[in-house]
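Read through the structure below, which is laid out as structure tokens, and then see the notes.
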Amino acid sequence: MEELWKEFKKGLFLQNPVLILMVGLCSVLAVSTTVENAIGMTLGFSFVLITSELIVSAIRKLIPNHLRIPIFLVAIAGSTTVVDLVMKAYSPTLSKSLGIFIPLIVVNCIVLARVEAFAYKKSILVTLFDALGMSVGYGIAIIALAAVREILGSGTFLGYRVFPQGFKPAGIILLPPGAFIILGIYIAVLRGYIGRKS
Amino acid sequence: MRDIIKNALIITLVAIIGSGILGWVYSFTSPEIQKQKERSLREGIKTIFSNEETFKELEDFRDTELSDGIKVLNVYKVKNKDGSEGYVFHALFPGYGGKIESLIGYEDDVCSGIIILEHAETPGLGAKITTDEFRKQFVNKPLSDPFVPKKDVVAITGATVSSRSVSSAIKKIAEFYREEVKGGK
């Protein structure tokens, strides 16, 4: 039990995929303009990560070593396409605002990295906790980023107005430079905290 | 040699299983996706012509390229409840950050309104082309107007290019509407 908890917890902060490992930043910057998009992206990403990690872990003994990458890619691309189709069918507005970034989960390096470095070597149960931890860590980072960007950049939170009408939002926060600035602050704070602790 | 055959078999098997699952998911999502598309089209037409009773596509005008990179994807003829007729153009035209996809309605000699379906304009600036404030100035606007920002169109501050591309697309498609669609049929 302790080991499972450890695998889950490391994804949250110590090895947070966005803030510490810093992989897959492209889609993080692009969709974190509103909290709603960030939540949608987290759900899509988590589904892909969890299913492809579980599939690979389940059949890892059947995969010949030199064929592993193409087989990983089938699992990843397959689950991404499922997310894309389901989102288009049942949540078209979300699918429209996330646009190309859902299909692009396929090339999100964090998915392939987790499958290759973790799922291919570990048992299903441990893998599940790794995938869950990474997903929650991704969600924490992207939603925290989106919250600040939406509040300062549009003056709303989850679509509800938080500032009075006269508030003039800072447009730059919605552009990629704004995302980099806020992300930089988060990374600095988190690294500073981890550094002090150890 | 035997290795190659074995590997090929494994990869083929994986691919078949993968595509089988995808085919199964596709089989129940694709009718939904089709329905969603029709629904959003219907809603769009309803927003422009609130009196809409029925509409049908005029297939002769499907995928017509106009000048300046403007492309008319579909044309719909709309019958209103009061008997009047309007036309809705589903069109793509270049904006500041990429193609803008929109529905533009015309009736007699006026523009009835525009809806932006998809765009890649700058958030906070050009993206304001989707707001009611910007769009409502085109409702019931006579087609004889010049459709030039800062003249007869109120441009979005800091997004002259986006404002101009929307205005000139409405004007360009209006010419097509008057000369080909309405005049021809």
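The listed protein sequences correspond, in order, to chains U and L. So the first sequence is numbered by my numbering: it starts at 122 and just counts up by one. So the second sequence is numbered by my numbering: it starts at 10 and just counts up by one. Glycine included, every Cβ here is placed at the ideal spot set by N, Cα and C. All figures in this text were calculated on a predicted structure; none of them were measured in a lab.
Cβ pair residue i, residue j closer than 8 Å
| i | j | result |
| --- | --- | --- |
| L:E62 | L:N89 | yes |
| U:P290 | L:G133 | yes |
| U:K209 | L:I42 | yes |
| U:I192 | U:S173 | no |
| U:V149 | U:V204 | no |
| L:F58 | L:S121 | yes |
| U:V195 | L:A24 | yes |
| L:G135 | L:G106 | yes |
| L:I113 | L:I179 | yes |
| L:E127 | U:K242 | no |
For residue j and residue i, the rounded distance between their alpha carbons
| i | j | result |
| --- | --- | --- |
| L:S39 | L:S177 | 36 Å |
| L:Y115 | U:V257 | 49 Å |
| L:G104 | U:I160 | 29 Å |
| U:S178 | U:I190 | 13 Å |
| U:F301 | U:L140 | 12 Å |
| U:F278 | L:A164 | 28 Å |
| U:I180 | U:L133 | 27 Å |
| U:T201 | U:I176 | 13 Å |
| U:S275 | U:V269 | 10 Å |
| L:I30 | L:F37 | 12 Å |
| L:E74 | L:K191 | 17 Å |
| U:K318 | U:D251 | 23 Å |
Chain-order list of residues whose beta-carbon lies under 8 Å from that of residue i (same chain, five-residue window excluded)
| i | result |
| --- | --- |
| L:E94 | K86, V87, K88 and E116 |
| L:S76 | K181 |
| U:I263 | V139, V149, V152, S153, A159, M162 and T163 |
For residue i, three-class secondary structure by DSSP
| i | result |
| --- | --- |
| U:E237 | helix |
| U:R189 | helix |
| U:G292 | helix |
| L:L82 | strand |
| L:E130 | coil |
| L:P103 | strand |
| L:V157 | coil |
| L:S36 | helix |
| U:N158 | helix |
| L:I125 | strand |
| U:K130 | helix |
| L:F98 | strand |
| L:F111 | According to the sequence provided, residue 111 of chain L is Ser. The question's Phe does not apply to it. Strand, per DSSP. |
Cutoff 7 Å; reference residue i; Cβ partners in own chain excluding five residues on either side
| i | result |
| --- | --- |
| L:K194 | Any answer about L:K194 is weak, because its pLDDT of 49 lies below 50 and its placement is not dependable; what the coordinates show is given next. The answer is none, since no qualifying residue turns up. |
Any non-hydrogen atom of the ligand HEM closer than 7 Å to residue i Cβ
| i | result |
| --- | --- |
| L:V87 | Looking for the ligand HEM in the displayed structure turns up nothing, as the structure carries no ligands at all. |
Contacting residues, own chain, Cβ-Cβ under 6 Å from residue i (five flanking each side not counted)
| i | result |
| --- | --- |
| U:L249 | none |
| U:I308 | L140 |
Handout entry: Residues of the region 170-182 of chain U with Cβ closer than 8 Å to any Cβ of chain L, in chain order
Key = none
Exercise for the section: Check distances from the C-beta atoms of the region 199-211 of chain U to those of chain L and list, in chain order, the residues that come in under 8 Å. Expected result: G199, T202, V203, L206, V207, K209, A210 and Y211
Handout entry: chain U contacts from the region 14-48 of chain L (Cβ-Cβ distance under 7 Å)
Key = Under the 7 Å Cβ criterion, the region 14-48 of chain L contributes N16, I19, I20, V23, A24, G27, I30, L31, V34, Y35, T38, E41, I42 and Q45.
Exercise for the section: Identify each residue in the region 270-287 of chain U for which the Cβ-Cβ distance to at least one residue of chain L is less than 8 Å, and report them in chain order. Expected result: Listed in sequence order: G274 and S275.
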